[in-house]
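In the working numbering, each residue's number is its place in the sequence shown (first place is 1) plus 1203.
Backbone N, C-alpha and C define an ideal beta-carbon position, used for all residues, glycine too.
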Amino acid sequence: MKRLFVLIFLIAVVSFGCAQNHFNIPADNFVSKVKVIGVAPIFLDANSDIIHPDKEILLPIISGINRKYDSLLIRKLQGAGIFYAVTPLTDDPSQLFTSLMARREKRDDAGVQYNKYFWKNEELVAYLKKNHLDAVMLVVVSGISKNNRIFSSNLLTSLEADYNFLTMTAQIFGTEGTLLWEYPNFRGHLLPYYPLINLQYPDFSESEANLSGATKLRFKSIDGIRRVLEKKKSDWMLQETAEPEVYGRLFEEMGALIRDSISRKTREKIRQGAVPAPGTKGTPQPAATGDKSVAAPAHTAPKEVAPSSAPHEELAPGAEPPPASETVQQ
């Protein structure tokens, strides 16, 4: 029994240790490479699997809510405490998404289905150079249909079916177009992955009222979707806060995965300015933004890398990024 306890303890320790680095490169390498990170406006993939009957009405509403909560993501990243500056980028999200996106691929990792995005490497590297960034974060809201089981409010009945969801994914790329971090990332094995919203619901009330053995799937109304996405989070006293519940939970999880992968000692050095910024001489100018609260302070610019015409490739877990002189293949 004692041996079994020790074995379980060791497995837990190893699993916990593995879960600490959610980057695609060693955490210390990320800290040394990324001082100024830009955050592109949240993208909406209008051509993804969104099958709501009022899709044309829904899309601009989702785009507007994305823009509304851009600043919340900036604050969560600032709160991670590992960047010298977090710079909001003010490009038109639809045009930028079209210019950068190469393809979308539906993935099933660790039993979790999501949309993974691949980007045009040359355009991505040029975008980083244009904005004088060490890295850029790209966040995409997209539609996906996947199997799920939903229970009624009394938990006595349920319906397993293919539901249509909106989900959110995020990636951070370095100056060579190398994938440094992504969400979801299953290196930690136990990562929960919440959808942004389920666009459908099973109508248990209708089937019960009609004594029907079949439960119909219905789409949520446009107003209902808006209310869910704009619902405010409650504090421990059940008082409504200014933070949206759904977006806030996802942004908080992203920030935590970045923060918790870096040791507290290293974060304290960053906070005190003891970690030197890499690169050459010169002070880049941050991208233009009307939000003065997140303006980037001066820092030493990272060494610029000539754009590559080849598409990027994500690194295998624990792998070192390729040298600047190498071409990154997809």
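Put simply, the backbone Cα of Lys1279 is about 17 Å away from that of Val1234. For Asp1273, the enclosing alpha helix (DSSP H) begins and ends at Asp1273 to Gly1282.
In the three-state scheme derived from DSSP, where H, G and I count as helix and E and B as strand, Pro1395 is classed as coil. Burial is judged here by how many other beta carbons sit within 10 angstroms of a residue's own beta carbon; Trp1439 has fewer than 16 and is exposed. In this structure, the CA atom of Asp1365 is about 26 Å from the CA atom of Glu1456. Secondary structure at Pro1447: strand, using DSSP grouped into helix, strand and coil. Contact between Asn1318 and Thr1381 does not hold, since the beta-carbon distance rounds to 21 Å and is not under 8 Å. Straight-line spacing of the CA atoms in Arg1462 and Lys1419 works out to 43 Å.
Glu1379 counts as buried, since at least 16 other C-beta atoms from the protein chains shown sit within 10 angstroms of its C-beta. Taken atom to atom, the span from the alpha-carbon of Ser1274 to that of Ile1465 is near 23 Å. One Cα belongs to Ile1264, the other to Asn1232, and the distance between them is close to 39 Å.
Note on Tyr1397: under 16 other CB atoms within 10 angstroms of its CB, so exposed under the neighbour-count rule. If you check the CB distance, Val1342 and Phe1246 come in under 8 Å. Just so you know, the alpha carbons of Ser1415 and Lys1436 end up roughly 37 Å apart.
For Ser1408, no pairing in a beta bridge is given by DSSP.
Using a Cβ distance threshold of 8 Å, Val1237 and Ala1313 do not count as a contacting pair. Under DSSP, no beta-bridge partner is assigned to Lys1423. Counting along the chain, no beta strand (DSSP E) covers Tyr1287, and no H or E run does either.
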